[in-house]
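The next block holds one structure in the form of structure tokens; read it before the comments.
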Amino acid sequence: MALDPVEVTLRLVDDKVQFDAVSKTRPNSPVRFDYAPPLGNGDGFVGIEMLTMSFAGCVSTAIVGLLRRRGKTLMDYGMTILGHKHEQPLYLEAITFTVHVTSPDATEQDMAEVLALAEKISPAWLAMKGNVAITGQAELSRP
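Every position in the sequence shown, counted from 1, becomes a number in our numbering once 10 is added.
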């Protein structure tokens, strides 16, 4: 089954390297990209930050969806994520993350199983696998 492609438009908005990007599905919600001076003004997200945030959002969508599908109650959810950079050339070398869940009924086994499943179904994780070292863990708290 072929899905529609993701369509994003990027436009230069200054005399340095500041861009606004919009998705075809959210044309009124631009995201500002920039770079640190002197190349840019530092007024937007650096691409490697957006890549790390995109990974966090995509993986979190999978985790939350899988937990809810199991009938688990989520009172709080968050993720702390670090994108480890390699210099010269600059690229994302590794990601380490911790999922923080507060739930009265999720178990440590649920969390381990959901993390393993997220690795198999998250589009961002699948795209980075083999190119970026990814390590994740979960912290489960009771209300």
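For each residue, glycine too, the CB sits at the ideal point set by N, CA and C.
Rounded straight-line distance, which links the Cα of residue j to that of residue i
i      : j      : result
His94  : Thr106 : 8 Å
Arg21  : Ser151 : 43 Å
Ala143 : Met89  : 17 Å
Ala128 : Val18  : 25 Å
Val56  : Met63  : 11 Å
Lys26  : Asp120 : 48 Å
Ala12  : Val32  : 23 Å
Ser39  : Thr117 : 37 Å
Gln147 : Arg78  : 19 Å
Ala122 : Asp24  : 46 Å
Val16  : Gly75  : 21 Å
Coil, strand or helix - residue i by DSSP
i      : result
Glu97  : coil
Gly146 : strand
Supposed close pair residue i, residue j - CB separation, criterion 8 Å
i      : j      : result
Pro153 : Thr112 : 6 Å
Cys222 : Pro133 : A query on residue 222 cannot be resolved here, the shown segment of the chain reaching from 11 to 153 and no further.
Val124 : Ile91  : With 8 Å as the limit, Val124 and Ile91 do not qualify as a contact, their Cβ atoms being about 17 Å apart.
Chain C contact for residue i (CB, 8 Å cutoff)
i      : result
Met121 : Reference to chain C is not applicable here, since this structure consists of a single protein chain.
Beta-carbon proximity check, residue i vs residue j, cutoff 8 Å
i     : j      : result
Glu59 : Thr108 : no
Asp53 : Arg42  : yes
Please go through the segment 62 to 147 and give each complete alpha helix (DSSP H) segment of 4 or more residues, from N-terminal end onward.
-> 118 to 131, 133 to 138
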